[in-house]
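K.L.:
Below are the structure tokens for one structure; questions will follow.
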Amino acid sequence: MNRSLNIFTALALGALAASCGEQQQMPTAATPSFAKSTAGPTCSFSAMNSDIAKFFTSSTQQKLVKGLQSTMQDAWSVSDTAGTRAAGYDMFAQIAAAVDSGNVGTVSSGSNLVNEVSTCMFFDATQLPTDFPHDYTTELTPSAAGGFAVRGGTSDPADPVLARTLISGIAPVGTSTWASEIAAGGTVSAPGRVLFYGEPAATPDAYTWKVIPANATFSPGLIVGLCDPGDAYMVYSSEGTILPYTAATFIPGVCGTASVPTNLWQKSLAFGKRLASQLLPSPLDAATLSLPGAGGISKNFSTFSTYDVGTVTATFGLQPHDAAVYYADVCPATIPDSSNIGPVTLQVTKDGIPVGGVVVSLTQINNNGTPAQICGNTWGATDDNGNLTLDGIALTKTGGYELVASGNVPGRNINSTGGTSDKFNIRP
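FYI, in our numbering the residues of the sequence shown are 88 to 515.
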């Protein structure tokens, strides 16, 4: 089946290094510690004023954001990191709301404001974009294919983060929430919130998602959704892995459509958010409605694209070894050490790229006569790096054997080749 959507990705990490400082100097004892560079940016709340006025077209929203700016400065002045960041994320949320409404003024001023607020949030060099100050023009232009949203706080939306033209999106896995994903990731300090921003990558059908703080990780991982060119495709991360597959039910549309017409994007965005709250009950429904995009589960962020996987290769690393036969009509719950031919390790790849989420099962070959039964832990799914370890495996008949590993990806038309172990012996 061919389902589709466009994707584009690009990620950024942070290279800032200067302490925040308004024109007035903070007392030395209260000054936060930063990794400093000779030309790093410094915090200036006064620099925000003109950008607030130029970006927000509503006087009401300008007043609200100015109030948040004041709250942020008060917290900053006493080195209240959590309070400073909370107000900063609130300002980001107001920027996102303005973009979603389509009512913005000078986009470059909005970009400046995001960088100015980031500078004052007590982030170190690992927490800001590597291209800091980042150009947020695409992310903040209502008619462009960017994305910009805050998640994780009690007042933040619970729905997926979507590119405004619905060519890509991000959502928590299963029953996880944004807050639980962030907390379990263990890299985001109070107030436990994250800014997601994204734009189409230079490569066709690729999209870059990034986060602030840039070193944020998520557990068990977030679904990155892209268009689905066909059922042999999975999501590739520019960090060098093919991600475990899951359907991205929050992405409607088809590949080959670069964007939703600009006069329709707001209606499409609302439609996509409604879809995100509904789990498709079966693959048949997904095929009938042609809704799901291709999704990959990622713990951090980079540039993402779809990859034609088709067939993967399973390779044994740690080989099975000789062991004693296990005489039994029924496989036991626990394999005795003397009969255990494991542990065995495998890696599953496509074109040398590790593939996560491949379900691998082991069978035995090459013993003549009555077939032996293979017992124990004979199957599992590869991890994010395409690796799998299986231990506690026994055979119920003596002789010489090889193990064969076969694999598939649930929800995809993908199978495996190779995967034959070295020969080993089962002795009496």
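Quick reminder that beta carbons are idealized off the backbone N, C-alpha and C, glycines included.
All values reported here derive from a predicted model rather than from experimental measurement.
1) Compare the Cα-Cα distances from residue 281 to each of 128, 172, 192, 429 and report the closest residue.
2) Taking Cβ positions, are residue 490 and residue 430 nearer each other than 8 angstroms?
3) What are the partner residues of residue 411, as DSSP defines its beta bridges?
4) Within a Cβ cutoff of 7 angstroms, which residues of the same chain sit near residue 485, ignoring the five residues on either side of it in sequence?
5) Measuring alpha carbon to alpha carbon, tell me which residue in 327, 194, 161, 389 is nearest residue 472.
6) Should residue 247 and residue 256 be called a contact, given that it needs their Cβ atoms to be closer than 8 angstroms?
7) Buried or exposed: where does residue 301 fall if 16 or more other Cβ atoms within 10 Å of its Cβ makes it buried?
8) Could you compute how far the alpha carbon of residue 145 sits from the alpha carbon of residue 181?
9) So, with DSSP's three-state summary, where would you put residue 231?
10) On the criterion of 16 or more Cβ atoms from any shown chain inside 10 Å, does residue 424 qualify as buried, or is it exposed?
11) Using a threshold of 8 angstroms, state whether the C-beta atoms of residue 269 and residue 279 are closer than that.
12) Check the C-beta distance from residue 462 over to residue 432 and give it rounded, since I have them as a contact under 8 angstroms.
13) Tell me the rounded alpha-carbon separation between residue 329 and residue 252.
14) What residues match up with residue 481 in a beta bridge as DSSP calls it?
15) Taking residue 334 as part of the beta strand (DSSP E), name the residues at either end of that continuous run.
16) Evaluate residue 70 with the Cβ neighbour count: other Cβ atoms within 10 Å of its Cβ, from every protein chain shown; 16 or more gives buried, anything less gives exposed.
17) So residue 176 is in the alpha helix (DSSP H); what residue range does that whole segment cover?
18) Could you give the DSSP three-state label for residue 272: helix, strand or coil?
19) Just to confirm before moving on: does the CB-CB distance between residue 313 and residue 403 stay below 8 angstroms?
20) Can you tell me which residues form a DSSP beta bridge with residue 238?
21) Are the beta-carbon atoms of residue 264 and residue 245 separated by less than 8 angstroms?
22) Between which two residues does the beta strand (DSSP E) harbouring residue 203 extend?
23) In three-state DSSP terms, what is residue 136?
P.N.:
Answer, in terms of the structure:
1) For the options 128, 172, 192, 429, the alpha carbon positioned closest to that of residue 281 is the one of 172.
2) no
3) 514
4) 412, 513, 514, 515
5) 327
6) yes
7) Burial call: buried.
8) 11 angstroms
9) coil
10) exposed
11) Yes; because the gap between Cβ atoms is below 8 angstroms, this pair is in contact.
12) 19 angstroms between Cβ atoms; not a contact.
13) 24 angstroms
14) For residue 481, which the question treats as bridged, DSSP gives the partners 462.
15) 332–335
16) What the structure shows of the chain is the stretch from 88 to 515, and residue 70 is not part of that stretch, so it cannot be assessed.
17) 168–188
18) helix
19) no
20) Paired residue(s): 281.
21) Contact flag set, yes.
22) Taken as a continuous stretch (DSSP letters only), residue 203 belongs to no beta strand (DSSP E), being part of the alpha helix (DSSP H) at 194–206.
23) helix
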